Amino acid sequence: MVTRTARGALILALLLGGGGCGDPRAADPLPVGREFPGFARSWAPWEVVWVIRPEDFLTCQTVARGVRAFQRAPGVPVPVTVVYVGDSHADWVRDFLRRQRIQATVRTASERQFADWFGQPAAPRVYLLRRGRVADQVSARDDRVHLARRWGRAVGGGEGRGGG
Amino acid sequence: MPDKPLRRAFPLLMAPLLASLQGCDMPEPRSASTSRIATAALFAPATPEPDGNAVLEELGKPDKPIRLEETQAVVNVIVRMTFDRSTGGYLVADESENQIRQYGPDGELVRYFARHGDGPREFRFLNRALRLSTGEVLALDGFNKGVVFDSTGSRVVRSFSTPVGPVHSVQLLNDSLLLLGGEIRDEREVTSPGARLHLWNLNRDTLIRSFFTPAVRGQARQMASSVGGFVATDARADTIAAVFALTDTIFLFDHAGRRLGQVPIPFRKFRRLSESASLPRFDEVLGAREWVGSFSLISHVFWLRDGSFLVQYQDRIGTEPRWRLLHMRRDGGFILERRDTPKLLNVDQANDHLVFTRPGSEAPNEWSRVRLAER
């Protein structure tokens, strides 16, 4: 029989995954001014790049509502690229984005590739890029962040409405 | 159970997982996953199943499709629908946007209210919105919160907290009695350990009784019931029909929670959870998700006017459910079972109109309504 404690631990393990939601050891965000490699870019003047790992979209709260609201806000359309850092199941990420009604180009990278490119492990972050360089970033686990309000004016749009 | 900080965080951790298990909707079969569990064969039957539209025609007569109106501020993401008897339209609760929408019969947006947050008009995991006989709108969060709005959603009439969370099902039995399906995780609140149905008095905001404790024996079943232990209900007159995700039986209760009987569900394609199969490693999330996809989960039961039942269940690949529908007689006789159906959102008890997501639709704001054929 599985004890109540063991079951609780298992649920948490399932929920938290390997890296874990809110894992204090999570990597730092990429600093402002850091250039993104071409594969992750759409080459638009302003663009959003969402770095996501399996545990980030399978178990944790995500910034999906904020990204969705940002995409629907009036103003200049800003392309969204999702960089999926994982060795398999990129199709699951596409399903997740479709269910969340987020239009994005999905690029995949292994954890090693990501570390090679950036010199550090992937962290779940959403980046606003200006000409390919980090202009701002937010945690991708923050389900309250209002991206339309935060970035809307900078990219030439309104503040947007709705949740974010 | 987890220690105190984790216990407090539990709803926030549990809800996204449950939301993705319960709420999402992707009716079209997709290409085979790269899953290490060999699920592909399960989704490639020797005899091709009819496509979603053919299934609807098999069930009855499809009406013209309904497209729910959307705006910049209104987008349907994870939706649960109830019929709005006062208008002939629909009330939609969106768990992702935490927004309640009133739609007309043809999908026109009448109004919307509520939003994400912790305030009086706000929700974290909005589960359901129902019209009360007073005209007010009752809204339930997935974790412990209920709010009664006035008929237009412009004012909060009152709010209350329940010990139930996560909430899997919500059924209004009469003006004062609400049936909540789900778990009570705070042991101080539990009067019947393991019970998954709870009668809530809306006039007094009190829990009257908890009942329905499905047997969960074996390590695999215990784990599965912890992460996918859905309970679903429907009611006719003074009888409640209830199902549990892992048990191939419909249980019948009266409004006091007394058991009246049970009917075996004559599944032919349901993938039962095996206790003999090895359990996955739970230290990495992909393996756990693959394991959850290795067995079927009953998600809904609908009780039709002729006494027959529709049982909806799901097989999962990754984050996506594949919906299956079984139609059975009141005595347990088999009528039909179909795989890869569009998701059945709800059945109007007044006329047996079935509302599905539209086959092939990428978004949950396109619906198909079907008048059930007599059999």
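Chains as they are written, first to last, in our numbering: chain W, 1 to 164; chain B, 1 to 375.
Glycine included, every Cβ here is placed at the ideal spot set by N, Cα and C.
From a predicted model like this one, the values you see are computed outputs, not experimental measurements.
Neighbourhood of E183 of chain B in chain W, by CB distance below 7 Å: empty, with the nearest CB roughly 12 Å away. F83 of chain B has its alpha-carbon roughly 14 Å from the corresponding atom of S151 of chain B. If you ignore the 5 residues before and after V148 of chain B, its C-beta comes within less than 6 Å of the C-beta of E136, L138, V157, R158, all in its own chain and listed in chain order.
Scanning its chain for C-beta atoms nearer than 6 Å, with the 5 sequence neighbours on each side dropped, one finds around V110 of chain B the residues Q102, G104, in chain order. If you compare the alpha carbons of B:N76, B:A373, B:D340 with that of L68 of chain B, the shortest gap goes to B:N76.
At least one CB atom of chain B sits nearer than 8 Å to the CB of Q100 of chain W. Put simply, the CB of V147 of chain B is far from chain W, with every gap to its CB atoms at 8 Å or more. Nearest neighbour of Q349 of chain B by Cα position, chosen from B:A235, B:S361, B:A129, turns out to be B:A235. Residue burial annotation: P264 of chain B is exposed, with fewer than 16 other C-beta atoms found within 10 angstroms of its C-beta. Between the stretch 191-209 of chain B and the stretch 269-277 of chain B, the count of Cβ pairs shorter than 8 Å is below three; the stretches do not touch.
For S299 of chain B, no chain W residue has a Cβ inside 8 Å of its Cβ, as the nearest lies near 16 Å away.
Between T239 of chain B and the set B:L179, B:F356, B:R128, the nearest pair of CA atoms involves B:L179.
V170 of chain B has a beta carbon lying at 8 Å or more from every beta carbon in chain W.
With the rule of 3 Cβ pairs closer than 8 Å, the stretch 53-63 of chain B counts as touching the stretch 327-345 of chain B. Membership of P264 of chain B in the beta strand (DSSP E) is indicated by the continuous run 259-264.
Under the Cβ criterion of 8 Å, E69 of chain B is not counted among the residues facing chain W.
Under a criterion of Cβ atoms nearer than 8 Å, the residues of chain W adjacent to H116 of chain B are, in order, R65, D143, R144, G163. For A140 of chain W, the closest C-alpha among the options W:P45, W:E47, W:D28, W:D56 is that of W:D56. DSSP places E320 of chain B in the uninterrupted beta strand (DSSP E) bounded by 320-328.
Rounded to whole angstroms, the gap between the alpha carbons of R258 of chain B and L207 of chain B is 16 Å. The beta strand (DSSP E) runs lying completely inside the stretch 82-109 of chain B and spanning 3 residues or more are 89-94, 99-103, given in chain order. For the stretch 199-264 of chain B, the continuous beta strand (DSSP E) assignments of 3+ residues that do not extend past its boundaries occur at 206-211, 231-236, 239-244, 249-254, 259-264, in sequence order. For the options W:R133, W:E35, W:H146, W:R41, the alpha carbon positioned closest to that of R107 of chain W is the one of W:R41. The residue among B:Y313, B:W291, B:N346, B:T71 with its C-alpha nearest the C-alpha of A245 of chain B is B:Y313. By the Cβ-count criterion, V76 of chain W is exposed, with fewer than 16 other Cβ atoms from all chains shown falling within 10 Å of its own Cβ. Taking C-beta atoms as the reference points, A242 of chain B and L197 of chain B count as a pair closer than 8 Å.
Burial is judged here by how many other beta carbons sit within 10 angstroms of a residue's own beta carbon; E95 of chain B has at least 16 and is buried. Neighbourhood of A363 of chain B in chain W, by CB distance below 9 Å: R98, R101, in chain order. Taking C-beta separations shorter than 6 Å and ignoring five residues to either side along the sequence, the partners of P214 of chain B in its chain run F244, T247, following chain order. The C-beta of A154 of chain W has fewer than 16 other C-beta atoms within 10 Å across all chains shown, which makes the residue exposed. Using a Cβ-Cβ cut-off of 8 Å, V75 of chain B counts as an interface residue toward chain W, since at least one Cβ of chain W sits closer than that to its own.
Residue environment analysis places T59 of chain W among the buried positions, since at least 16 neighbouring C-beta atoms fall within 10 angstroms of its C-beta. Distances from the CA of V134 of chain W to each of W:D28, W:A27, W:V32 were compared; the closest alpha carbon is that of W:V32. At least 8 Å separates the CB of P124 of chain W from every CB of chain B. Secondary structure at N53 of chain B: helix, using DSSP grouped into helix, strand and coil.
As the crow flies, the alpha-carbon of D331 of chain B is around 9 Å from that of Q262 of chain B.
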